[in-house]
Structure formats: C-alpha cells, structure tokens
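The opening residue of the sequence shown carries number 668 in this note's numbering; numbering runs sequentially from there.
Every residue gets a Cβ at the ideal spot worked out from N, C-alpha and C, and that includes glycine.
Keep in mind it's a predicted model, so treat the numbers as computed, not measured.
These notes concern the structure reproduced below.
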Amino acid sequence: MSAPAAPATSVRAVSRRSGTAIAIFALLLLSYVLNAMDRQLFPLLVSDVREEHNFGLADAGLLSTVFTLGMGLAGIPTAFLMARLRRKTVVMIGIFVFSITTLLTALSAGFADMFIYRALSGLGEAMQLAALLAIATTYFTRRRAVAIGSINLSFAVGAAVSPVFGGALLAAFDWRMPLIVFGLLGIVAIALVAIFVRPWLTEAAPSTAEVSAEAAADGEPAGAGPELPARFLNRNTVLITIATVAGGLLIYGYLGMYPTYLQEELGFDVAQKSGVMSIFGLGAILSIVGGMLGDRFNARIVLPASFAIGIVLAVLLFTGPATFAFQAAFSFIWGAVISGTTYVNLAGYQVKAVRPELAEKASGLFIAALYIPAAFSGYLVGAAAGSMGWQRTGMVLIGGISAVGALAALFIRPAAMTR
C-alpha cells in the first residue's frame, strides 16, 4: 500500500519557505559583495594616496594589504562573539566595523591612523565572512557546497564591480570619495539585514536526522573512507599550511600592488587600471569551477598545477607587453587560477586533511596561514619593486613564491585525506 500524498497546502508552505530562505540568503550575499568591493577598492587608490601623503612604495603596499592582518587575527574575537550573539548580529557588527573604518580611512591624517583603520577593516570583514559560512553550512545542509560556492561567487562579483564603480568615483572626485561612498553603502546594508533577515535562517542548526540523511545519500557506510591521521598537525596539514602561506602572499601581493604597477610602471590611466582589475574579478567568478576540480582530482594534482601556472603568469604579467588587452587577458587567468582554484582548494584540502571533529580547527589554521602573512605581502612586493624593479620582482619574488607553493604541494599524501 502506497503512502498517502502530502497535502498540497503543506507542499506550498515548504516551497514558500524555501523561496524565502533563498531570498534572505541572497540579501546576505549582497552584503558580502560590499565586503569584497571594500577589499578591492584601496589598491586602486594607492597611487593617489602616495602622491598626497608622500608615502614610500613599500609603506603604501603595506597599507594596501594590512587589512588581512585584521582578518587573520579575527579568529578569537569572532569565536567569542559567535558563542554569545546571534549570527545575524555578528554579520551586522562585521559590516559596521569595515564600513566605519572605510569612512575613517578617508579622514586619515597620515600613515599611523590609516594603518590602524585598514587593519581594523579586516577584522570586520572576517567577522562577516565567518558568520556567513556558519549560516551557509547549517541551514543549507543538503547543498553546502553550492552555498559556500555562492559566497565565493559573491566575492568575485564584488571584485569585478569595485574597480569600475570605484574607478568612476576616483576619476570624478578625489581618492576620498570612493571610500566615503562605499562606507555609506555598508550602513545601508546593515539596515537591510536588520529589517529583512530572519533568525530562523541565520540561527539554524542541522539536526541529527539531517546529518544522517546526508550520510545515507552519499552511499557510504559509517567508517568508510581513508584512515585519517589522529594528530591535527600531520604531514598533510603542515604541507598545506606552507602552500597556504605562499597562496596568501601571491593573492594579496597581486591585489595590493598590481594596480600600482599598472599605473606607475606601465602608464595606465584610472579607467584602464580599473578595467584590468575588474576583469581579474570576472576570472575569480570561476571559483565554483575551481572547487569542482578540487572535488574531482586530488591535492597533489590540483595545487602543484595551479601554483605552476602562477609561475608562468608572474613572468608574463610583469614582463609582457604594456597593452590593455594583454594585461587584462592574463589578469583574467590569474583570477581564475590563483583566486578561483588555488585559494578555494587550499581551504577545502586543509579541512579534508583532518578528522571531522577537527574541521573547525583546520579552518582556523587556514585563515591564519593565509591572511596573517598576506598582511605584509604588499610591503614585500613594494620593497622588492623599489630595489630591483618590477620585472625582477615578478620573476624572482612572485615566481619564487609560486614555486615554494608548488613544491610543498607535491609532497602531500592524498591517501591520507578524505575525498
């Protein structure tokens, strides 16, 4: 005897609830687009800030990437807040912090206060990201990968939009106006989250039944899979951490100083520089594809290959023709490979290298390893460019960092990781 069909009213109610959840999550993703726009904005302004304040190239590079220090150090305060406050509240606090510090950056008197505001902006950005990841993985239990991929996609959208919008403001006003406008947009986002986002989505926790259903859907009995190391710090986590440090230096060395290279070395105007960085963001939109590659192939294939491509790209970007078409094309590839593939899979493989009960600890290690060294990537690139020129910086420094990441990844043991 077949089971009775579910009442039509119940089906419609579930459908409405799902549609509402997607709409609310889309609003949260929109707020994260602003986060990404904020991250991409300051590198566009570096040359103008340098000219007004007479900062050295290395100091300007440090200001461009020091927000990642705030992101890397945000683990403890974020964990404290998320243990005591609603995730929705943490999202709003994060938006408030990076929006206010963006506004304050426009009012900076010199290097010291600008350094503080930039570092604190990263603290707010990390709070928002951590809360969004928790929301995505606890509400959308059957579609975790898609939900997390949509967060990465939102970052890529912000990375593509920010140079165009920010560049237009920079061309029409001075360097302070983009910071003021982006900061005020964050305040608007806080109001929208406060009004429309519902706690039943943000504070959801997966039930035991849901977790069991997911395990059954995977078709694997309990205990199936590789024998994972008992220790948190094992061969794979150490190697992936080394590769993550290299990845952070690459990603944020490029983001922090490449726009300055385009303007000061290649002579690009604001519109050309903004256009190239926007196209980089379009490349990063392929992060979902990069994640799929990581699920399909093991770490000893994906990571060495992506880092090796990074070596080639470093040489081409800093020694190739000074034309918009060339720089835009290879910046797109950089976005797809380094941001869209290397970054996504470093995060995923670090979690896959430990037992499930250590997953949160592995994510914390990834964030610290990526963002804390990245804070000094702009200073490193700027100092190198000032001493040996941009071309050698690309080949020796950026290419060398890529080589270190590739070499570390070659010794990963895929057999001791979950698929």
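Looking at the unbroken alpha helix (DSSP H) that takes in residue i, where does it start and where does it end?
i: Met924; result: Arg902 to Glu931
i: Phe849; result: Arg843 to Phe863
i: Ile1000; result: Phe991 to Trp1001
i: Met738; result: Phe734 to Gly739
i: Asn1012; result: Val1011 to Lys1019
i: Ala1073; result: Gly1066 to Leu1077
i: Val1004; result: Run containing Val1004: none; DSSP gives neither H nor E here.
i: Gly1097; result: Nothing can be reported for residue 1097: it is not among the residues displayed for the chain, which extend from 668 to 1086.
i: Phe974; result: Ala966 to Thr986
i: Thr869; result: Pro866 to Thr869
Compute the distance between the beta-carbons of residue i and residue j, then report whether it is under 8 Å.
i: Val1048; j: Met944; result: no
i: Leu846; j: Leu708; result: yes
i: Ala951; j: Gly1007; result: yes
i: Arg967; j: Pro1081; result: yes
i: Asn1012; j: Gly961; result: yes
i: Ile1108; j: Thr869; result: With the chain covering only 668 through 1086, there is no way to say anything about residue 1108.
i: Val764; j: Gly791; result: yes
i: Thr732; j: Ala1042; result: yes
i: Ala1073; j: Ala975; result: yes
i: Val700; j: Val860; result: no
i: Ile946; j: Ala910; result: no
i: Leu729; j: Gly1045; result: yes
i: Gln795; j: Asn721; result: no
i: Ile907; j: Ile1079; result: yes
i: Trp1057; j: Tyr921; result: no
i: Gly834; j: Ala938; result: yes
i: Gly1015; j: Gly958; result: yes
i: Ser821; j: Leu694; result: no
i: Gly853; j: Ala786; result: no
i: Ser788; j: Asp705; result: yes
i: Leu800; j: Tyr784; result: no
Measuring only the C-alpha atoms, how far is residue i from residue j?
i: Leu1102; j: Lys940; result: This structure cannot settle anything about residue 1102, because the visible part of the chain is limited to 668 through 1086.
i: Ala989; j: Arg865; result: 50 Å
i: Ala883; j: Leu1025; result: Any reading at Ala883 must be qualified, since the residue scores a pLDDT of 46, below 50, and its modelled position is unreliable; the value itself is stated next. Roughly 22 Å separates the two Cα atoms.
i: Gly850; j: Thr769; result: 5 Å
i: Leu711; j: Ala727; result: 11 Å
i: Leu916; j: Leu1037; result: 8 Å
i: Val828; j: Thr1009; result: 22 Å
i: Phe997; j: Leu949; result: 12 Å
i: Ala793; j: Tyr919; result: 15 Å
i: Ala889; j: Ala1029; result: Its pLDDT being 46, under 50, Ala889 is placed unreliably by the model, and the measurement read from it follows with that caveat. Cα to Cα, the separation comes out at about 22 Å.
i: Phe832; j: Ala826; result: 11 Å
i: Gly1066; j: Phe964; result: 24 Å
i: Arg717; j: Phe778; result: 10 Å
i: Gly942; j: Pro830; result: 7 Å
i: Thr687; j: Ala871; result: 14 Å
i: Ser714; j: Val848; result: 19 Å
i: Leu983; j: Trp867; result: 49 Å
i: Leu774; j: Arg843; result: 8 Å
i: Ala690; j: Met759; result: 18 Å
i: Gln1017; j: Ile1005; result: 17 Å
i: Ala750; j: Val757; result: 10 Å
i: Gly1031; j: Ser954; result: 21 Å
i: Thr904; j: Leu970; result: 14 Å
i: Met1084; j: Phe991; result: 42 Å
i: Leu836; j: Ile1068; result: 34 Å
i: Gly1053; j: Gly723; result: 9 Å
i: Val1071; j: Thr805; result: 36 Å
i: Val678; j: Gln930; result: Because the pLDDT of Val678 is 45, which lies under 50, any placement of that residue in the model is unreliable, and the number read from its coordinates should be weighed accordingly. In a straight line, the C-alpha of Val678 is about 57 Å away from that of Gln930.
i: Ser685; j: Pro744; result: 32 Å
i: Asp780; j: Arg1022; result: 43 Å
i: Leu752; j: Thr986; result: 50 Å
i: Val956; j: Ala972; result: 15 Å
i: Phe1087; j: Ala1020; result: Here the chain has residues from 668 to 1086 only, and residue 1087 is not among them.
i: Lys755; j: Ile857; result: 10 Å
i: Pro926; j: Phe935; result: 9 Å
i: Ser766; j: Glu894; result: 45 Å
i: Met1055; j: Phe840; result: 34 Å
Counting only C-beta atoms, is residue i closer than 8 Å to chain D at any point?
i: Arg967; result: Among the chains of the structure shown, chain D does not appear; only one protein chain is present.
For the region 928-960, which segments carrying the alpha helix (DSSP H) assignment without a break, of at least 4 residues, lie completely within its bounds, in sequence order? 937-951
Just list the alpha helix (DSSP H) runs in the region 755-809, keeping only unbroken ones of 4 residues or longer that don't cross its boundaries, in chain order. 778-806
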